[in-house]
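Report on the following structure.
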Amino acid sequence: MAFYKQTLKIQQDVKITVIRQHELLKSALGAALVMLCGLLLWKSPLGEPWVNASYDYLFRFSAHTVTNNVALILMDNEAYDQFHQTRGQPWDRALHAQLLNKLAEDDCSLVVFDSFFRKPGDSATDKLLADAMRRQRHVVLMAEQAQVIHPAMSGARPILPAEPFLDAAGTNWGVAWLDPDSANDSIVRRHWPFPSPGPYPSLSETAARLAGAQMNLHPQERWLRYYGQEGSWTKLSYRFALAQPADYFHEKIVFIGTQPQTSLPDGELDEFRTPYTRWSGESSGGVEIMLTSFLNLVNGDWLRRPASWIEFSTLIVGGILIGGGLCRMSPLKACVFATTIAIAIAIGAITCSYFTNYWFPWLVISGGQVPCALTWALATTKTARAAKTKNAEEELPDVPGYKLVHPPFGRGSYGKVWLAQDRAGQWRALKVIYLANFENDADPYDREFNGVSRYKSLSDKHPGLVHVDFVSEKLDGYFYYVMELGDSIAPNWESEPSKYTPRDLGNERTRAPDKRLPIFQCVQIGIELADALDFLHQQGLTHRDIKPSNIIFVNGKPKLADFGLVAEIRPSNQERTFVGTPGYMPPPPERPGTPASDIYALGVLLYVLSTGRNAALFPEIATSLVKNEEPSDYFLLNAIILKACQPEAPRRYGSASEMRTALQSLQNTVR
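Take the sequence shown: its position 3, counting from 1, is numbered 639 in this note's numbering, and each next residue is one higher.
The following block contains the structure:
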């Protein structure tokens, strides 16, 4: 015995080492795959949607507010109609002069025009506008950008406002230019130029400098921080701006620009997509994005990305942890953990961008690496499970002390049964139960093991129970037990063991005429099985899976077999597991696992044996039975069957002993 245990321990240690090496290789491959996935999405054009969406969805759930005293005056549809202006034509400069005089009287701190005064117009009107500009504390005028076309070089240059206005503004000008991501979705995400500042100032940079912002002249890659779909400032139609009370614009920063005619994306020249376009379907005017850029610079809260080496390291570490970790979990745990990681990273990234100035392409992890890792985990788990099940089908288990005859003569949902010969030369049945056949779910596997172990201690105390000689420990993925061997259908099988076929009620019925047994034989089998059930119930146990294939003959006597579902009888108010064979279980809502449900199953068993019909057809009776030479005997048995199979448990026999007594009374009649 000591040698056997030592041998078994060595075998188990070798298997554990092989499994650990396999798990390590699986984790390493998973980590490499997920790292590669992250790096491809991070730097290749394939990953641009993930990177861009990471930025856009920062503003889906939260947005900064600003305390700057800012007003946005819009030349909107109402103003165009009120002042009889025509879209596509310059706005009446006399109206601009009137508005600027109003702003000067209110002591406005800064005026920014997102409207281009490219050419001189009517001299009197231009003088009115220039004089109104000179009255401002600070005014910033828009410039445009023009491409330089030359055979020897390429570039761009600014086109400045007309000289009278530029002189009136004190040379405060800036290029009003936006740089959408035209390669993919045309959303404006970055400050222009990128990096900024560039060779000449932008409109927002000049305005921010005049507003007192400390400008860093070192070029930086700046991303826009949006302040909500409606902005964080006061919007006012040009029409109503002129009618505001005195001092309304006192110490305010005022931006003046055009509102697009519609909010439909890509409909007009000065109209742009923003992150909010993803879910609202509405675009924004260029002046609002200019104002956003200005506030970013004034408040120092534009967004930036971490250094490339930080992002690279994060994706590498994430790939190792996620790709190497998920594949070591069960499918359910992997799904839960993957979902938790994805949500946690999203929340963390959005929170970080809100409280700091950094944003990270978090969807590369949440939407790329995590699904990749989960797919690998599920695929390898399924492959490993299939391989393990296949190995279980192809390889003989380690059962020291027994010689197995291959192939197995019996197969079930959870295991296989071999013909085995011990050292003394005695033939036994050896059944192996595999964890892989339970989809690696330990609960039903443990239930099977506990049922067999519980049954073994009393299996030799009643002649109607198959005797179990030995139950192994739970080994690496399986356990086995050895029991007495049932009778064989094939005679003289010992000389050729592969011909052994167990005799059970299933094949006994199949070989009978019309697949039904004589009534007297059914009654005798019922008596012996009811007696065995009564013994089990007295021990506080229930069988839970009585059916023809689970009744084998040993020395010509029927015995209860396949006892993996044997369990303790529980009170009616306690929850019981819903296990058993359909057709032999009582109708819902009653659950198996009680003496009454075993009695129901025995009644259905007698119905199947005596009628030759399937359990699902109960209580239907074949018309051929009426022509049988013993119809009265059948109907007497059928009365017992119907009582045993009453839909309401209290109307059945009160015990297996009571059913046995009824069958014994019938036995005297049908002899």
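Ideal Cβ positions, reconstructed from N, Cα and C, are used throughout, including at glycine.
Exercise. Pull up the distance between the alpha-carbon of alanine 1028 and that of alanine 1072, whole angstroms please.
Key: Residue numbering aside, residue 1028 sits at position 392 when the sequence shown is read from its first letter. Residue numbering aside, residue 1072 sits at position 436 when the sequence shown is read from its first letter. Because the pLDDT at alanine 1028 is just 49, under 50, the model does not fix this residue reliably, and the point stays unresolved.
Task: Proximity of glutamine 781 and tryptophan 828 at Cβ, strictly below 7 Å - done: Residue mapping note: residue 781 aligns to position 145 of the sequence shown, counting from 1. Residue mapping note: residue 828 aligns to position 192 of the sequence shown, counting from 1. For glutamine 781 and tryptophan 828, no; Cβs fall outside 7 Å.
| query | Are threonine 1017 and proline 967 close, meaning C-beta to C-beta below 7 Å? | reply | Indexing the sequence shown from 1 puts residue 1017 at position 381. Indexing the sequence shown from 1 puts residue 967 at position 331. Judged by their CB atoms, threonine 1017 and proline 967 are nearer to each other than the 7 Å cut-off.
**Asked** Does the distance from the C-beta atom of alanine 760 to that of proline 800 stay below 7 Å?
**Response** As a first step, residue 760 is located in the sequence shown; it is residue number 124 there, counting from the start. As a first step, residue 800 is located in the sequence shown; it is residue number 164 there, counting from the start. Judged by beta-carbon spacing, proline 800 lies beyond the 7 Å limit of alanine 760, meaning their Cβ atoms are not closer than that value.
DSSP three-state call for arginine 1147: helix, strand or coil? Start at 1 with the first residue of the sequence shown, and residue 1147 comes out as number 511. Per DSSP, reduced to three states, the secondary structure at arginine 1147 is helical.
Query - Contact set for leucine 1272: own chain, Cβ-Cβ below 6 Å, skip 5 residues either direction - result: By 1-based counting over the sequence shown, the position of residue 1272 is 636. Here the set comprises Leu1302.
### Query
At least one CB of chain C closer than 7 Å to the CB of leucine 853: is that the case?
No chain C is part of this structure, which consists of one protein chain only.
Within 10 Å of its beta-carbon, does isoleucine 986 have 16 or more other beta-carbons around it, so buried, or fewer, so exposed?
Here residue 986 is taken as the residue at index 350 of the sequence shown, counted from 1. If you draw a 10 Å sphere on the C-beta of isoleucine 986, you find 16 or more other C-beta atoms in it, and that means buried.
ask   = Quick one: does the C-beta of isoleucine 1163 sit closer than 6 Å to a heavy atom of the ligand ADP?
value = Only the bare structure without any ligand can be found here, which leaves the ligand ADP out of the picture.
#### Entry: Start and end residues, beta strand (DSSP E) containing tryptophan 1054
Looking up residue 1054 in the sequence shown gives position 418. Start and end: 1051-1058.
The region 1156-1171 / the region 1179-1195 touching (three or more Cβ pairs under 8 Å):
Judged by pairs of C-beta atoms under 8 Å, the region 1156-1171 touches the region 1179-1195, as three or more such pairs exist.
- request: Give the straight-line distance between the Cα atoms of leucine 1141 and proline 1184, rounded to the nearest whole angstrom.
  value: Within the sequence shown, residue 1141 is the residue found at index 505, counting from 1. Within the sequence shown, residue 1184 is the residue found at index 548, counting from 1. If I take the Cα positions, the gap works out to 5 Å.
| request: Tell me tryptophan 809's beta-bridge partners as DSSP assigns them. | output: By one-based count along the sequence shown, residue 809 stands at place 173. According to DSSP, which records beta bridges pairwise, tryptophan 809 is partnered with Leu777.
Problem - Within 7 Å, strictly: CB atoms of leucine 1312 and histidine 774 - result: Missing from the structure shown is residue 1312; the chain here goes from 637 to 1307 and no further.
Margin query: Tell me whether the region 699-711 and the region 858-868 touch, counting them as touching only if at least three CB pairs, one residue from each stretch, are closer than 8 Å.
Written below: When C-beta atoms of the region 699-711 are compared with those of the region 858-868, three or more pairs fall below 8 Å, so the two segments count as touching.
Have a look at alanine 1298 and alanine 1148 and give me their C-alpha separation to the nearest angstrom. On the sequence shown, residue 1298 is found 662 positions in, with the first residue counted as 1. On the sequence shown, residue 1148 is found 512 positions in, with the first residue counted as 1. The alpha-carbon of alanine 1298 is positioned some 25 Å away from that of alanine 1148.
Got a sec? Which residues, its chain only, sit under 6 Å from valine 1107 by beta carbon, not counting five neighbours each side? For the purposes of this step, residue 1107 is taken as residue 471 along the sequence shown, with counting starting at 1. Its chain contains Val1088, Ser1089, Lys1092 and Tyr1117 as the residues whose beta carbon lies nearer than 6 Å to that of valine 1107, once the 5 sequence neighbours on both sides are disregarded; these appear in chain order.
Quick check on the burial criterion: 16 or more other C-beta atoms within 10 angstroms. Buried or exposed for asparagine 852? Counting from 1 along the sequence shown, the entry for residue 852 is found at position 216. In summary, asparagine 852 is exposed, with fewer than 16 beta-carbon neighbours lying within 10 Å of its beta-carbon over all protein chains present.
Assign arginine 771 to one of three DSSP states: helix, strand, or coil.
Translated into the one-based positions of the sequence shown, residue 771 becomes position 135. Arginine 771 falls in the coil class under three-state DSSP.
Per DSSP, what kind of secondary structure is arginine 1152 in: helix, strand or coil?
-> Stepping through the sequence shown from its first residue, residue 1152 is reached at position 516. Coil at arginine 1152, not helix or strand.
*Given that a residue counts as buried once 16 or more other Cβ atoms are within 10 Å of its Cβ, and exposed if not, what is aspartate 717?*
Start at 1 with the first residue of the sequence shown, and residue 717 comes out as number 81. By the neighbour-count rule (16 or more Cβ atoms within 10 Å), aspartate 717 is not buried but exposed.
CB arginine 1287 to CB proline 1228, shorter than 7 Å? Within the sequence shown, the letter at position 651 stands for residue 1287. Within the sequence shown, the letter at position 592 stands for residue 1228. 7 Å or more divides the Cβ of arginine 1287 from the Cβ of proline 1228.
*Along the beta strand (DSSP E) that carries histidine 1042, what are the first and last residues, could you check?*
Translated into the one-based positions of the sequence shown, residue 1042 becomes position 406. Residues 1038-1047.
Quiz prompt | Proximity of valine 1068 and tyrosine 1114 at Cβ, strictly below 7 Å | solution = To locate residue 1068, count along the sequence shown from 1; it is residue 432. To locate residue 1114, count along the sequence shown from 1; it is residue 478. Yes, the pair counts as a contact, with Cβ atoms nearer than the cut-off.
TODO: Report the three-state DSSP secondary structure of glutamine 1282 (helix, strand or coil).
DONE: Along the sequence shown, read from residue 1 onward, the residue named residue 1282 stands at position 646. If DSSP states are grouped into helix, strand and coil, glutamine 1282 belongs with coil.
How many Å lie between glycine 1100 and alanine 1078 at the Cα? Taking the first residue of the sequence shown as 1, we reach residue 1100 at position 464. Taking the first residue of the sequence shown as 1, we reach residue 1078 at position 442. Going by the C-alpha atoms only, they are around 31 Å apart.
Sequence-distant residues of the same chain with beta carbon closer than 8 Å to glutamine 897, five excluded per side:
Taking the sequence shown and counting its residues from 1, one reaches residue 897 at position 261. Closer than 8 Å at Cβ, skipping near neighbours: Asn713, Arg723, Gly903 and Glu904.
- Task: Leaving aside the five residues before and after alanine 664 along the sequence, list all residues of the same chain whose C-beta is less than 8 Å from its C-beta, in chain order.
- Result: For this step, residue 664 is matched to residue 28 along the sequence shown. These residues qualify, in order along the chain: Gly960.
Per the contact definition of three or more C-beta pairs closer than 8 Å, is the region 824-844 in contact with the region 950-965? Remark: fewer than three beta-carbon pairs, one from each stretch, lie closer than 8 Å, so the region 950-965 and the region 824-844 are not flagged as touching.
Notebook entry, point to check: Applying the criterion that 16 or more other CB atoms from any shown protein chain within 10 Å of the CB defines a buried residue, is threonine 1247 buried or exposed?
Noted result: Residue mapping note: residue 1247 aligns to position 611 of the sequence shown, counting from 1. Label assigned to threonine 1247: buried.
### Message
Going by beta-carbon coordinates alone, are arginine 825 and tyrosine 691 separated by less than 7 Å?
### Response
Locating residue 825 in the sequence shown gives position 189, counting from the first residue. Locating residue 691 in the sequence shown gives position 55, counting from the first residue. Inclusion of arginine 825 and tyrosine 691 in the CB contact set at 7 Å is warranted, their separation being smaller than that value.
In this structure, how does DSSP classify aspartate 1140 when only helix, strand and coil are distinguished? Mapped onto the sequence shown, residue 1140 falls at position 504. Aspartate 1140 falls in the strand class under three-state DSSP.
**Prompt:** Cα separation between phenylalanine 695 and alanine 689?
**Reply:** On the sequence shown, position 59 is the one that residue 695 refers to. On the sequence shown, position 53 is the one that residue 689 refers to. Spanning the two alpha carbons is a distance of roughly 10 Å.
Among Gly893, Val1240, Gln895 and Leu675, the one whose alpha carbon lies nearest that of tryptophan 998: For this step, residue 998 is matched to residue 362 along the sequence shown. Closest option to tryptophan 998, Cα to Cα, is Leu675.
Here's a check: name, in chain order, each residue in its chain whose Cβ is nearer than 6 Å to the Cβ of phenylalanine 1074, leaving out the five neighbours to either side.
As a first step, residue 1074 must be located in the sequence shown, where it is residue number 438. Same-chain partners within the cutoff: Pro1080 and Tyr1081.
I'd like to check one pair, glycine 922 with aspartate 906: are the Cβ atoms closer than 7 Å? Against the sequence shown, residue 906 aligns to sequence position 270. Against the sequence shown, residue 922 aligns to sequence position 286. Contact: yes.
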